[in-house]
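Chemist:
Protein chains: 4
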Amino acid sequence: MSTAITHVRQIEVGWGDCDPAGIVFYPNFYRWFDACSHALLTSRGMSHRTLNERFGIIGCGLIDTGAHFTSPARFDDVLEAESRIGKLTNRTFTVEHVFRRGTVQICTGLEVRGCFVADDSISGGIKAIALPDELRAALQ
Amino acid sequence: MSTAITHVRQIEVGWGDCDPAGIVFYPNFYRWFDACSHALLTSRGMSHRTLNERFGIIGCGLIDTGAHFTSPARFDDVLEAESRIGKLTNRTFTVEHVFRRGTVQICTGLEVRGCFVADDSISGGIKAIALPDELRAALQ
Amino acid sequence: MSTAITHVRQIEVGWGDCDPAGIVFYPNFYRWFDACSHALLTSRGMSHRTLNERFGIIGCGLIDTGAHFTSPARFDDVLEAESRIGKLTNRTFTVEHVFRRGTVQICTGLEVRGCFVADDSISGGIKAIALPDELRAALQ
Amino acid sequence: MSTAITHVRQIEVGWGDCDPAGIVFYPNFYRWFDACSHALLTSRGMSHRTLNERFGIIGCGLIDTGAHFTSPARFDDVLEAESRIGKLTNRTFTVEHVFRRGTVQICTGLEVRGCFVADDSISGGIKAIALPDELRAALQ
Chain A
19 MSTAITHVRQ IEVGWGDCDP AGIVFYPNFY RWFDACSHAL LTSRGMSHRT
69 LNERFGIIGC GLIDTGAHFT SPARFDDVLE AESRIGKLTN RTFTVEHVFR
119 RGTVQICTGL EVRGCFVADD SISGGIKAIA LPDELRAALQ
Chain B
19 MSTAITHVRQ IEVGWGDCDP AGIVFYPNFY RWFDACSHAL LTSRGMSHRT
69 LNERFGIIGC GLIDTGAHFT SPARFDDVLE AESRIGKLTN RTFTVEHVFR
119 RGTVQICTGL EVRGCFVADD SISGGIKAIA LPDELRAALQ
Chain C
19 MSTAITHVRQ IEVGWGDCDP AGIVFYPNFY RWFDACSHAL LTSRGMSHRT
69 LNERFGIIGC GLIDTGAHFT SPARFDDVLE AESRIGKLTN RTFTVEHVFR
119 RGTVQICTGL EVRGCFVADD SISGGIKAIA LPDELRAALQ
Chain D
19 MSTAITHVRQ IEVGWGDCDP AGIVFYPNFY RWFDACSHAL LTSRGMSHRT
69 LNERFGIIGC GLIDTGAHFT SPARFDDVLE AESRIGKLTN RTFTVEHVFR
119 RGTVQICTGL EVRGCFVADD SISGGIKAIA LPDELRAALQ
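As they're listed, the protein sequences go chains A, B, C and D.
Going by our numbering, the letters in the first sequence line up with residues 19 to 158, in that order.
Going by our numbering, the letters in the second sequence line up with residues 19 to 158, in that order.
Going by our numbering, the letters in the third sequence line up with residues 19 to 158, in that order.
Going by our numbering, the letters in the fourth sequence line up with residues 19 to 158, in that order.
Here it is as structure tokens:
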């Protein structure tokens with residue numbers, strides 16, 4: 019049985035992350051999801067720089083994303099963000115996030131990501147490639 | 019049969035909306051979804067100000083959100099954002115978004131929103147209320 | 019006497035642009051200054067794409083910036099942003115911004131920008147170049 | 019001679035903080051300046067919450083701001099942000115910031131801030147007040 023790949027980090031909610039209702043403006047949670055996913059990949063030896071230098075990947079772009087919000091977060095809250103690798107396919111990996119303030123769950127999030135390289139056949143285009151074996155190995 | 023409630027607006031992709039891969043950093047799509055939902059509500063006579071003054075609502079907060087990305091958008095793209103009221107329940111309404119650049123679909127999005135008021139029983143808390151009848155009427 | 023190069027555009031203040039005090043979180047003004055400068059350059063035939071394709075410029079990066087705030091702006095305000103080319107030197111151009119809501123001045127801003135190209139001698143570095151003559155001509 | 023009031027924190031540059039040129043989109047530096055100023059105030063016992071509860075202050079809003087950029091920062095850089103109280107007047111205090119990556123200076127910044135309370139005479143207005151003595155004492 020494989021051990022789940024997880025990564026935990028802290029998020030400090032800033033003044034400018036909150037809206038006139040005094041709670042986090044929700045797109046910021048996705049900004050934090052993205053930072054958590056980068057940190058998780060880096061913790062597995064698969065930083066953006068490594069993916070770029072070794073496989074020519076310009077980014078682990080998003081295919082599907084979602085979030086469910088259960089309790090608001092506010093300025094000066096320190097959130098614990100736990101991120102975990104979920105489903106792996108040939109072409110995608112899923113990162114599942116749970117944010118908590120103490121024992122209170124703030125939100126859950128999900129990102130389905132693929133690996134993208136420059137597509138020389140179309141000006142400025144990008145195209146998805148299969149996950150490199152090394153990346154797959156690092157995520158399971 | 020009710021006519022679907024829709025609203026269309028244009029989004030100009032800015033330099034700072036894009037990441038080092040040259041494409042829109044995805045949380046910005048959610049920022050635009052939020053702006054589209056506010057504009058749709060305003061177009062139905064239910065601006066934030068109206069909701070606040072008439073019903074004491076401090077925000078139409080998010081319960082669930084999601085987005086599916088089909089094609090990247092870049093700096094200087096002008097996107098057409100079409101937003102539509104989907105499912106209505108006693109306590110929630112759903113806004114469905116489709117972003118296109120010309121005939122190319124960029125992404126779809128979904129926001130399930132409720133109406134929140136200040137909860138005096140808990141310091142700084144908020145609580146969901148049933149959608150006011152006038153708001154329900156405006157959205158169908 | 020040269021006619022001043024100016025460009026005017028509208029800015030709609032979004033819900034997420036404002037902070038818990040209900041006013042624009044000030045870094046967003048700089049985000050708008052940047053968008054205004056890009057629009058001004060584009061209006062003079064010097065879009066980012068043109069600068070990149072013709073001169074290899076990867077960005078008109080910032081050297082100095084500043085803003086003075088005179089009156090707060092709020093959600094749903096529509097601001098008029100007037101941007102003007104100020105001082106031109108061999109290596110820099112200045113863009114001066116004034117934001118107003120009706121006759122009320124909200125803020126003034128200033129950006130001193132240079133032209134940057136990739137510096138092959140240092141991994142990932144950038145270096146400033148003299149303004150191309152065509153750009154100088156377009157800005158005076 | 020008074021000891022300078024300073025505060026140091028680390029800033030991790032995120033993927034979404036950078037633009038298509040691969041460097042930090044400059045308004046994000048102002049977002050970080052704001053976070054640094056809040057942290058400095060908190061370190062002096064003058065958190066936003068304290069200022070609000072004790073003096074009715076809704077925010078330490080900006081009057082003047084500026085930044086000078088000397089070297090670009092990139093994704094995954096960890097910056098040291100040093101913030102220092104500068105000039106104090108009856109109605110304003112200045113925060114001076116220096117950001118470095120190792121020994122390389124990235125930028126300097128300056129924020130002139132005042133204390134604002136709700137202005138009941140004008141709907142939704144705010145007005146500046148003199149700095150409370152306790153705040154002045156905490157900043158020198």
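Quick reminder that beta carbons are idealized off the backbone N, C-alpha and C, glycines included.
Just so we're clear, the structure is a prediction, and the values are computed from it rather than from any experiment.
Closest Cβ-Cβ distance between C:H115 and chain B: below 7 Å?
Modeler: By 1-based counting over the third sequence, the position of residue 115 of chain C is 97. False, the Cβ-Cβ gap to chain B never drops below 7 Å.
Chemist: Kindly indicate which residue of C:F111, C:R92 and C:C36 has the alpha-carbon position closest to the one of C:L128.
Modeler: The residue given as residue 128 of chain C occupies position 110 in the third sequence. The shortest C-alpha separation from C:L128 is found at C:F111.
Chemist: Would you mind listing the alpha helix (DSSP H) stretches within the region 70-127 of chain B that are 4+ residues and don't spill past its ends, in chain order?
Modeler: Within the region 70-127 of chain B, no complete alpha helix (DSSP H) run reaches 4 residues.
Chemist: Compare the C-beta of C:P150 against all C-beta atoms of chain A and say whether one is closer than 7 Å.
Modeler: Position 132 of the third sequence holds residue 150 of chain C. For C:P150, the answer is no, since every Cβ of chain A falls outside 7 Å of its Cβ.
Chemist: Look up A:F47 in the DSSP assignment and say whether it is helix, strand or coil.
Modeler: As a first step, residue 47 of chain A is located in the first sequence; it is residue number 29 there, counting from the start. A:F47 falls in the helix class under three-state DSSP.
Chemist: Going along chain C in order, which residues have a C-beta closer than 9 Å to the C-beta of A:P90?
Modeler: Here residue 90 of chain A corresponds to residue number 72 of the first sequence, with the count starting at 1. Within 9 Å Cβ-Cβ: nothing; A:P90 doesn't reach chain C, min ~12 Å.
Chemist: Apart from the five residues just before and just after C:Q158, which ones in its own chain have a Cβ nearer than 8 Å to its Cβ?
Modeler: In the third sequence, the residue the question calls residue 158 of chain C occupies position 140. Answer for C:Q158: S20, I23, I103 and L106, listed in chain order.
Chemist: Grouping DSSP H, G and I as helix and E and B as strand, with all else coil, what is B:R27?
Modeler: Indexing the second sequence from 1 puts residue 27 of chain B at position 9. Note: B:R27 maps to strand in three-state DSSP.
Chemist: Give the DSSP bridge partners of C:G143, in chain order.
Modeler: The residue you call residue 143 of chain C lines up with position 125 of the third sequence. Partner(s): C:D137.
Chemist: What residues in its chain sit with their C-beta under 7 Å from that of A:K145, if we drop five residues either side in the sequence?
Modeler: Taking the first residue of the first sequence as position 1, residue 145 of chain A is located at position 127. Hits under 7 Å: F134, V135 and D137.
Chemist: Is the beta carbon of D:Y44 less than 7 Å from the beta carbon of C:L69?
Modeler: In the fourth sequence, the residue the question calls residue 44 of chain D occupies position 26. In the third sequence, the residue the question calls residue 69 of chain C occupies position 51. No.
Chemist: To the nearest angstrom, how far is the alpha carbon of B:L153 from that of C:A39?
Modeler: Taking the second sequence and counting its residues from 1, one reaches residue 153 of chain B at position 135. Taking the third sequence and counting its residues from 1, one reaches residue 39 of chain C at position 21. Distance between the alpha carbons of B:L153 and C:A39: 26 Å.
Chemist: Give the interface partners of B:R49 over in chain C, defined as CB-CB distance under 8 Å, in chain order.
Modeler: As a working note, residue 49 of chain B is residue 31 in the second sequence. Near B:R49 (Cβ distances below 8 Å), the residues of chain C are G32 and G34.
Chemist: To the nearest whole angstrom, what separates the beta carbons of C:V122 and C:S89, a pair I think is in contact under 8 Å?
Modeler: Your numbering for residue 122 of chain C matches position 104 in the third sequence. Your numbering for residue 89 of chain C matches position 71 in the third sequence. Their Cβ separation, rounded to whole angstroms, is 5 Å, which keeps C:V122 and C:S89 in contact under 8 Å.
Chemist: Tell me whether the beta-carbon of A:L149 lies closer than 7 Å to the beta-carbon of A:F117.
Modeler: Locating residue 149 of chain A in the first sequence gives position 131, counting from the first residue. Locating residue 117 of chain A in the first sequence gives position 99, counting from the first residue. The answer is no: Cβ separation not under 7 Å.
Chemist: Answer with yes or no whether the minimum CB distance from B:D52 to chain C is below 7 Å.
Modeler: Within the second sequence, the letter at position 34 stands for residue 52 of chain B. Output row for B:D52: interface = yes.
Chemist: Between B:T83 and A:A85, what straight-line distance do the alpha-carbon atoms span, to the nearest angstrom?
Modeler: Position 65 of the second sequence, counted from the first residue, corresponds to residue 83 of chain B. Position 67 of the first sequence, counted from the first residue, corresponds to residue 85 of chain A. Their Cα atoms are separated by approximately 5 Å.
Chemist: Going along the chain, which residues of the region 63-90 of chain C sit with their C-beta nearer than 8 Å to a C-beta in chain D?
Modeler: Correct list: I76, G77, G79, L80, I81, D82, T83, G84, A85, H86, F87 and P90.
Chemist: Which value, in whole angstroms, describes the spacing of the CA atoms of D:A155 and D:T126?
Modeler: Taking the fourth sequence and counting its residues from 1, one reaches residue 155 of chain D at position 137. Taking the fourth sequence and counting its residues from 1, one reaches residue 126 of chain D at position 108. Roughly 25 Å between the two C-alpha positions.
Chemist: Is A:G143 close to chain C, meaning its C-beta is less than 7 Å from at least one C-beta of that chain?
Modeler: Reading the first sequence from its first residue, position 125 is the one you call residue 143 of chain A. Cβ-Cβ to chain C under 7 Å: no for A:G143.
Chemist: CB D:V31 to CB D:F93, shorter than 7 Å?
Modeler: Position 13 of the fourth sequence, counting from 1, holds the residue named residue 31 of chain D. Position 75 of the fourth sequence, counting from 1, holds the residue named residue 93 of chain D. Their beta carbons are under 7 Å apart, which means D:V31 touches D:F93 by this criterion.
Chemist: Give the residues of chain D in contact with C:A39, contact being defined as C-beta atoms less than 8 Å apart.
Modeler: Your numbering for residue 39 of chain C matches position 21 in the third sequence. Result: I76, G77, G79, F134 and I144.
Chemist: At what residues does the alpha helix (DSSP H) containing D:A156 begin and finish?
Modeler: Translated into the one-based positions of the fourth sequence, residue 156 of chain D becomes position 138. Per DSSP, D:A156 belongs to the alpha helix (DSSP H) from D151 to A156.
Chemist: Whose C-alpha, out of D:R72, D:R119 and D:I124, is nearest the C-alpha of D:D151?
Modeler: As a position in the fourth sequence, residue 151 of chain D is number 133, starting the count at 1. With distances taken between Cα atoms, D:D151 lies closest to D:R72.
Chemist: Assuming contact is defined by CB atoms lying nearer than 7 Å, are D:V26 and D:D35 in contact in what I supplied?
Modeler: Against the fourth sequence, residue 26 of chain D aligns to sequence position 8. Against the fourth sequence, residue 35 of chain D aligns to sequence position 17. No, the pair does not count as a contact, with Cβ atoms beyond the cut-off.
Chemist: Taking 7 Å as the CB-CB limit, is A:M19 close to chain D?
Modeler: Looking up residue 19 of chain A in the first sequence gives position 1. Below a pLDDT of 50, predicted positions are generally treated as unreliable, and A:M19, at 42, falls in that range; the measurement from the model is reported next regardless. No, A:M19 does not count as interfacial toward chain D.
Chemist: Could you give the DSSP three-state label for A:R67: helix, strand or coil?
Modeler: The residue given as residue 67 of chain A occupies position 49 in the first sequence. Residue state, collapsed to three classes: helix.
Chemist: With D:G132 and D:R109 assumed to form a contact (beta carbons below 8 Å), what rounded beta-carbon distance in angstroms separates them?
Modeler: Reading the fourth sequence from its first residue, position 114 is the one you call residue 132 of chain D. Reading the fourth sequence from its first residue, position 91 is the one you call residue 109 of chain D. About 6 Å; that satisfies the 8 Å criterion.
Chemist: Could you round the C-beta distance between A:W33 and D:H115 to whole angstroms and report it? I think they count as a contact, below 8 Å.
Modeler: By 1-based counting over the first sequence, the position of residue 33 of chain A is 15. By 1-based counting over the fourth sequence, the position of residue 115 of chain D is 97. Not a contact, Cβ separation roughly 16 Å.
Chemist: Are the CB atoms of A:A99 and A:I147 nearer to each other than 7 Å?
Modeler: Here the question's residue 99 of chain A lines up with position 81 in the first sequence. Here the question's residue 147 of chain A lines up with position 129 in the first sequence. Not in contact: A:A99 and A:I147 (Cβ atoms no closer than 7 Å).
Chemist: Give me the Cα-Cα distance between B:H65 and D:S61, rounded to the nearest whole angstrom.
Modeler: The sequence position of residue 65 of chain B within the second sequence is 47, counting from 1. The sequence position of residue 61 of chain D within the fourth sequence is 43, counting from 1. The displayed chain sequence assigns Ser, not His, to residue 65 of chain B. Looking at the two C-alpha atoms, the distance is approximately 39 Å.
Chemist: Between C:F43 and chain A, is the shortest Cβ-Cβ distance under 7 Å, so that the two count as touching?
Modeler: If you number the third sequence from 1, residue 43 of chain C lands on position 25. True, the Cβ-Cβ gap to chain A drops below 7 Å.
Chemist: Does chain D have any CB closer than 7 Å to the CB of A:H25?
Modeler: On the first sequence, residue 25 of chain A is found 7 positions in, with the first residue counted as 1. Chain D contact via Cβ: absent.
Chemist: DSSP on A:M19, reduced to helix/strand/coil?
Modeler: As a working mapping, residue 19 of chain A is identified with position 1 in the first sequence. At A:M19 the pLDDT is 42, less than 50, meaning the model places this residue with poor confidence; the figure from the coordinates comes in the next sentence. Three-state DSSP puts A:M19 in coil, outside helix and strand.
Chemist: Please classify A:G77: is it buried, with 16 or more other beta-carbons within 10 angstroms of its beta-carbon, or exposed?
Modeler: Taking the first sequence and counting its residues from 1, the one referred to as residue 77 of chain A is at position 59. Its Cβ being crowded by 16 or more others within 10 Å, A:G77 is buried.
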